[in-house]
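So the protein sequences, as listed, match chains A, B and C. First residue of the first sequence? That's 848 in the working numbering, and the numbers climb one at a time after it. First residue of the second sequence? That's 27 in the working numbering, and the numbers climb one at a time after it. First residue of the third sequence? That's 1242 in the working numbering, and the numbers climb one at a time after it. From the three backbone atoms N, C-alpha and C, an ideal C-beta is built for every residue, glycine too. Everything below concerns the one structure shown next.
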Amino acid sequence: MAAHRIARAQPLPFGVGRITPGWSMIVAILLAGVLVGAFAYALQYTEGEVVTGMRDIGTMGGAPWGLYIAFVVYFVGVSFAGIAVAAIVRVLDLERLRPVARMGELLAVISLVLGALSILADVGQPLRAIVNLLRYARPQSPFFGTFTLVISGYLFASLVYLFLEGRRDAAILARTPGRLQWLHRLWASGYRDTPAERERHERASYWLALAILPLLVTAHSTLGFVFGLQAGRGGWFSTLQAPGFVVLAGVSGLGNLIVLAAILRWALRAKQVLDDTVFRWLANFLLALTIVYLYFLLVDWLTSTYAAPAADARLAAVVYTGEYAPVFWTSVAALVAAAALLFGQFARRRYSLALVVVAAVLVNVAAVGKRVVLVLPSQTHGALLPYVPGTYEPTLVEYGVLLGIFSLGALLLTLFMKVFPILEVGGHHAEVGS
Amino acid sequence: MRQTVVAACLLLGAALAASGFTFAAPVGAPTSSIFSEPRVEFAPGLFILGVVFAFLSAVAYELIPDGERPPDG
Amino acid sequence: MTRYGMVIDLDRCTGCRACMVACKVENNTPVANLWMYVFRFEEGTYPDVRVNFMPRPCMHCDNAPCVKVCPVGARFKRADGLVATDYERCIGCRYCEVACPYGVNFFNWKEPAKSQYLDGKDATVASVTGGAVPPYDNPDLDAPYGTERRRIAGGGQLKGVVEKCTFCVQRVEAGRLPACVTSCPVQALVFGDLDDPKSAASQRLESKRSFRLLEELGTRPRVHYVGGRPPTAESRQIEAVRAKV
């Protein structure tokens, strides 16, 4: 990895603090997206959730959880990558993955915020939800883990990680006078890069990583339990739910990270920092998780078709050959294609960035599709009493709100890049100097 | 000094999280309304605060200078 | 100790759905929210076709999945057996609805005032009824109930919360029977203290073979069915209600 020495007179690295027309245009587009989302949500808030495609189970023949919940699961899943990569870099001492560590942490923080927003978009009484969860939350509800461990603990841990890992770069940047100097000084919070400080940071982040890895597994399992503990509908009750969530979270998170890293490599002309080794590592990691998930799918398929109880068998039919088959098989095809692409490169020991990115996009398509297939069919077709099967068709309002949430995430990322370098500035051997 | 603060932070975090869990609604087959009422209101908030404090200990560990040296050396 | 339950005699039910109407009138439930629903089933193939009926209130389970999953304790089990919803605490996450195997929960998708069958302020309606059309302003529905003193009665209280059958807690606590029970022309529905072997409900339960719906799930419903059998995979709904908000 190249060691960057930042001279005093030079501008801040990676375009920090420089507003370019291209950047402004992106921000404008994203702001427009956020506005669309805000408008859609305002409509939903005033009119009630009748403007969504969700309806009650049973005599109303609908699904009370729709795209919002599917995307809660997706966003929380994406957050996996950040902390996983950052923590694994630390615990296994994988210096090669260091360049994507900050990006990953940021991705984790942002996607957790988006997950929380999706929950608020879904509940009928959002303001009450914030207060009542703090006031009355019950540990027995699988949601307890979702909002204490996932949304709060995990988010805070990611922020702490981001802050501590960024102090060194902040100290480097703080030497350059400018409008952002105060922020960098604040972030550096007295970091001087003495050997003692370095060692302390190494030790702190090692232990932090060790603490975070079990939290990671717990957090994603908790979300799996939201569905996996429910025996009252066909299709959900399964011990595979929790581990499946952990693995699919890793798949979608790594996929996102690869796409983001590729975009940044191009946009920031950072070929040296984000070199091919980084992508090779991420690709192999993604390949391993994708294969594990495909194995889970196979196990699930056999379990639900061999001699499953009637309700589960009916649901399996709906998913594998019925109404949800297009979404399901598209997801499976995307996963298989991604695994094949990655494996081909792994076997030949030759990596093409373009193909890795294609695989990363494919697994994200699959992750969204699989979440939809997980959340919806059990509601519309999983009734154990002879109700007529339900339907669910998302409305423009739901798409609008989700567009707003996605735009907000991209906007936060874009804004962050202008106040702080998203890639590591001071390589391991650079000096902060004094 | 640093060790003390870090240890205090960790302990406080663990204690808050533990008490948050203890004072939240009991877990069990819900046979009466006590399973739906926290023993102390805002106990779940304490739990979250506990998690926050536990992770703050890492910040304290890094930010607080060593006791022997003057902070600005 | 008094622990309420309901016994539904399927031999007697004629599928008239009077209970559904009584429930709506008593509880002011918004359009499409059917706290009480009567399944009308047919089984077999022509000419050997059988028709039967099955009322479905909330089962007020003793091991209620909805109570377990409620993140804020808005859904709770009372010591007297009722499963109640505190509409002042509910955050509208609809987890109860997803967890319940019986499909008895209803979310208020829009402002309840805009979601009633008749507009009481409409001049033509008012001229006929003298203004007495749903939603009736029934103060009983807004009072706190039980030892918990929580607001759990009535439907159409708030937008964005979940509501369901309360066993007409406002009537039961006043010593009266639930509206569906009183309106049943053939007394197919019997409500009472199942802990008291002399109560009408217990006696009806003892008189015939009984079952509970989806008992294999371990939910331990407090609604028992006598004189019939549970729906099977063969049971098809006739005139299935597909209510729209």
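| query | result |
| --- | --- |
| Whole-angstrom distance between residue 915 of chain A and residue 883 of chain A, CA atom to CA atom | 16 Å |
| DSSP three-state assignment for residue 1359 of chain C, whether helix, strand or coil | coil |
| Closer than 9 Å to chain A by CB, residue 1476 of chain C | yes |
| Rounded C-alpha distance that separates residue 1316 of chain C from residue 995 of chain A | 20 Å |
| Within chain A, partners of residue 60 of chain B - CB distance below 8 Å | None at all; the shortest Cβ gap to chain A is about 11 Å. |
| Residues in the segment 975 to 993 of chain A having any Cβ partner in chain B nearer than 7 Å | 980, 981, 982, 983, 984, 985, 986 and 987 |
| 6 Å Cβ shell around residue 1229 of chain A - same chain, five flanking residues per side excluded | 1080, 1081, 1082 and 1162 |
| Through-space distance from residue 1435 of chain C to residue 1325 of chain C, alpha-carbon basis | 18 Å |
| Among B:46, B:27 and B:57, nearest to residue 1302 of chain C - alpha-carbon criterion | B:57 |
| Contact under 9 Å by Cβ, residue 1350 of chain C with residue 952 of chain A | no |
| Residue 1240 of chain A vs residue 1352 of chain C beta-carbon contact at 9 Å | no |
| As assigned by DSSP and simplified to three states, the class of residue 1090 of chain A | helix |
| Beta-carbon proximity check, residue 1190 of chain A vs residue 1034 of chain A, cutoff 9 Å | no |
| Short CB-CB distance (under 9 Å) between residue 31 of chain B and chain A | no |
| Residue range of the unbroken beta strand (DSSP E) whose run includes residue 1435 of chain C | It is not in any beta strand (DSSP E) - residue 1435 of chain C carries neither H nor E in the DSSP assignment. |
| Status (buried if at least 16 other CB within 10 Å, exposed otherwise) for residue 1044 of chain A | buried |
| Cβ-based burial, residue 1448 of chain C [other Cβ within 10 Å; buried from 16] | exposed |
| Proximity below 9 Å, CB of residue 1273 of chain C to CB of residue 1356 of chain C | yes |
| Minimum Cβ-Cβ distance from residue 50 of chain B to chain A less than 9 Å | yes |
| Contact test: residue 995 of chain A Cβ vs the ligand ADP heavy atom, cutoff 8 Å | This structure simply doesn't include the ligand ADP, nor any ligand for that matter. |
| Where residue 1318 of chain C sits in the DSSP three-state scheme | strand |
| Own chain, CB closer than 6 Å to residue 1468 of chain C, minus 5 neighbours either side, in chain order | 1250, 1251, 1252 and 1449 |
| Where the beta strand (DSSP E) through residue 1292 of chain C begins and ends | 1291 to 1297 |
| Interface partners of residue 89 of chain B on chain A, CB under 8 Å | 1036 and 1037 |
| Reduced DSSP secondary structure (H/G/I, E/B, other) of residue 1170 of chain A | coil |
| Segment contact, 8 Å Cβ cut-off, at least three pairs: the segment 1154 to 1171 of chain A with the segment 1106 to 1125 of chain A | no |
| Selected residue, minimal CA-CA separation from residue 1271 of chain C, among C:1331, C:1400, C:1309 and C:1370 | C:1400 |
| Proximal residues, the segment 1440 to 1456 of chain C versus chain A, C-beta separation under 9 Å | 1454 and 1455 |
| Neighbouring residues, chain B, relative to residue 999 of chain A (Cβ below 7 Å) | 74 and 77 |
| Residue 55 of chain B at chain C interface by Cβ criterion, 9 Å | yes |
| Chain-ordered residues of the segment 912 to 943 of chain A with a beta carbon less than 8 Å from chain B | none |
| Touch test, the segment 938 to 956 of chain A against the segment 1289 to 1305 of chain C, Cβ-Cβ under 8 Å, three pairs minimum | no |
| Residue 1487 of chain C (DSSP reduced to helix, strand or coil) | For residue 1487 of chain C there is no data in the structure shown, the boundaries of chain C being 1242 and 1486. |
| Run of the beta strand (DSSP E) containing residue 1326 of chain C, from where it starts to where it stops | 1324 to 1326 |
| Cβ pair count under 8 Å reaching 3, the segment 870 to 884 of chain A against the segment 1251 to 1266 of chain A | yes |
| Beta carbon proximity, residue 1065 of chain A to chain B, threshold 9 Å | no |
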